[in-house]
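Novice: Here it is, the structure, as structure tokens.
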Amino acid sequence: MRNFSSYFEFNPCIICKSNDFKVLKKSKYNEDLNEDKLLQLYKSSSDEKLIDQMVCCKECNLVYLNPRVKSNIILNSYTNSDDPTFFEQNNLRIRTFKKQLNKIVRTLSITPNKNYILDIGCAGGAFPKAAHDLGFKVIGIEPNKWLVNEGIKKYNIDLKSGILSDFNFQKENFNIITLWDVIEHLTNPEEVLHSISHIIKNDGYLLINYPDVNSLACKLMRSKWPFYLNVHLFYFNRKTINKFLDNCGFKVISCEPFWQTLELGYILKRASAYFKIFKIAYFISKKIKLDKIPFKYNLGQTFIIAQKKAGHEKNLE
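UniProt numbering puts the first residue of the sequence shown at 1, with every later residue one more than the last.
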């Protein structure tokens with residue numbers, strides 16, 4: 001067996017800092033592994049099935065990948081890959097985000113044009129576009145240069161290429177910060193959350209969407225759950241996400257299922273990697289021209305509204 005240690009790193013649990021874990025799934029890398037092949041695994045819409053080792057912390061039950069591909073390799077792949085298939089679904093993502101934002105406006109009783117949003121990991125700009133159309137002042141940041149360029153060309157909105165640590169945002173600058181399908185991808189989510197705590201206003205809102213590893217869909221689909229992916233480094237449930245956010249200075253005030261709308265053909269094509277019957281369904285949908293119809297689904301995606309706790313920034317100083 002070859003030694004792949006130069007590509008991987010061990011990490012303690014991000015919640016309790018324990019190094020004690022039990023293995024849930026062993027890694028399944030081939031002997032011909034190299035850095036170029038690893039770089040192919042990480043992009044915004046990667047559907048590469050999980051082959052890294054997945055573990056569960058014995059102290060707090062957080063599920064995560066350990067060891068995992070080194071952070072610099074992951075970031076390099078995210079930064080430089082092209083992802084046209086992902087971008088093609090943006091119109092339906094924008095529609096989904098507008099519905100969700102309108103609901104958030106009602107729930108939190110906020111006025112869009114009086115709120116400044118930072119969207120971290122904005123991909124091709126679907127959420128910033130939705131927020132902009134509803135009257136919010138918004139900026140999106142995204143490591144993938146190709147997606148940022150495509151989003152700027154199509155929507156003419158404020159998108160910037162890079163990760164949060166690349167920018168020097170002012171303290172308490174934003175009313176709302178969002179992480180849509182992002183927190184599970186972060187190599188150091190604790191560092192990102194502490195940075196967010198610094199630049200979000202007191203009592204500001206943090207919006208997070210993540211795939212819940214304790215959801216009914218995950219329990220029913222087991223190893224075929226489509227969110228078991230190499231790009232997903234952490235697998236939260238409601239208890240562990242609450243504990244993690246509390247550690248980072250945020251209190252969860254709302255938690256509910258998140259329903260996404262995408263084209264039926266796109267969903268069937270991705271599902272065909274797990275269930276052969278969906279290959280047939282995908283072929284039929286294209287044949288009878290139903291592959292472009294909008295399809296609403298939930299497979300464990302969970303939406304959280306959290307609020308910055310008073311005095312947390314002082315505790316970090």
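From the three backbone atoms N, C-alpha and C, an ideal C-beta is built for every residue, glycine too. Remember, it's a predicted structure, so these values are computed and weren't measured experimentally.
#1: Can you give me the Cβ contacts of residue 203 inside the same chain, cut-off strictly under 8 Å, excluding the 5 residues immediately before and after it?
#2: Do you know offhand how far residue 284's Cα is from residue 300's?
#3: Let me make sure I understand the geometry here. Which of 108, 215, 126, 228 has the alpha-carbon closest to that of residue 176?
#4: In this structure, how does DSSP classify residue 225 when only helix, strand and coil are distinguished?
#5: If you draw a straight line from the alpha carbon of residue 66 to that of residue 227, how long is it in whole angstroms?
#6: Could you pull the DSSP bridge partners for residue 234 from this structure?
#7: List the endpoints of the continuous beta strand (DSSP E) containing residue 282.
#8: Would you tell me roughly how many angstroms separate the C-alpha atoms of residue 35 and residue 115, rounded to the nearest one?
#9: Per the DSSP calculation, residue 306 is bridged to which residue(s)?
#10: Please look up how many angstroms separate the CB atoms of residue 60 and residue 122, rounded, as I've assumed it's under 8 Å.
#11: Using the beta-carbon count (16 or more within 10 Å), is residue 1 buried or exposed?
#12: According to DSSP, is residue 151 helix, strand or coil?
#13: Note down, one range per segment and in chain order, each beta strand (DSSP E) of at least 3 residues found wholly within the stretch 105-176.
Specialist: Taking the coordinates as given:
#1: Your numbering for residue 203 matches position 203 in the sequence shown. The residues are 307, 308, 310.
#2: To locate residue 284, count along the sequence shown from 1; it is residue 284. To locate residue 300, count along the sequence shown from 1; it is residue 300. Cα to Cα, the separation comes out at about 27 Å.
#3: For the purposes of this step, residue 176 is taken as residue 176 along the sequence shown, with counting starting at 1. Comparing Cα positions, the closest option is 108.
#4: Stepping through the sequence shown from its first residue, residue 225 is reached at position 225. In this structure, DSSP gives residue 225 a state outside helix and strand, which the three-state scheme calls coil.
#5: Position 66 of the sequence shown, counted from the first residue, corresponds to residue 66. Position 227 of the sequence shown, counted from the first residue, corresponds to residue 227. Computed Cα separation, rounded: 17 Å.
#6: Looking up residue 234 in the sequence shown gives position 234. For residue 234, the pairing in a beta bridge is given by DSSP as 64.
#7: Numbered from 1 along the sequence shown, position 282 holds the residue referred to as residue 282. Counted as a single uninterrupted DSSP element, the stretch harbouring residue 282 is not any beta strand (DSSP E) but the alpha helix (DSSP H) occupying residues 277-287.
#8: Taking the sequence shown and counting its residues from 1, the one referred to as residue 35 is at position 35. Taking the sequence shown and counting its residues from 1, the one referred to as residue 115 is at position 115. Roughly 43 Å between the two C-alpha positions.
#9: In the sequence shown, counting from the first residue as 1, residue 306 sits at position 306. Secondary-structure assignment with DSSP links residue 306 through a beta bridge to 206, 252.
#10: Here residue 60 refers to the residue found at position 60 when the sequence shown is read from its first residue. Here residue 122 refers to the residue found at position 122 when the sequence shown is read from its first residue. About 30 Å separates the beta carbon of residue 60 from that of residue 122, a gap too long to meet the 8 Å contact definition.
#11: Start at 1 with the first residue of the sequence shown, and residue 1 comes out as number 1. Per-residue confidence for residue 1 stands at a pLDDT of 38, beneath the threshold of 50, marking its modelled position as unreliable; the derived number appears in the next sentence. Around the beta carbon of residue 1, fewer than 16 other beta carbons sit within 10 angstroms, so the residue counts as exposed.
#12: Your numbering for residue 151 matches position 151 in the sequence shown. The DSSP-derived three-state label of residue 151 is helix.
#13: Within the stretch 105-176, the runs of beta strand (DSSP E) that reach at least 3 residues and sit entirely inside it are, in chain order, 116-120, 137-142, 159-161.
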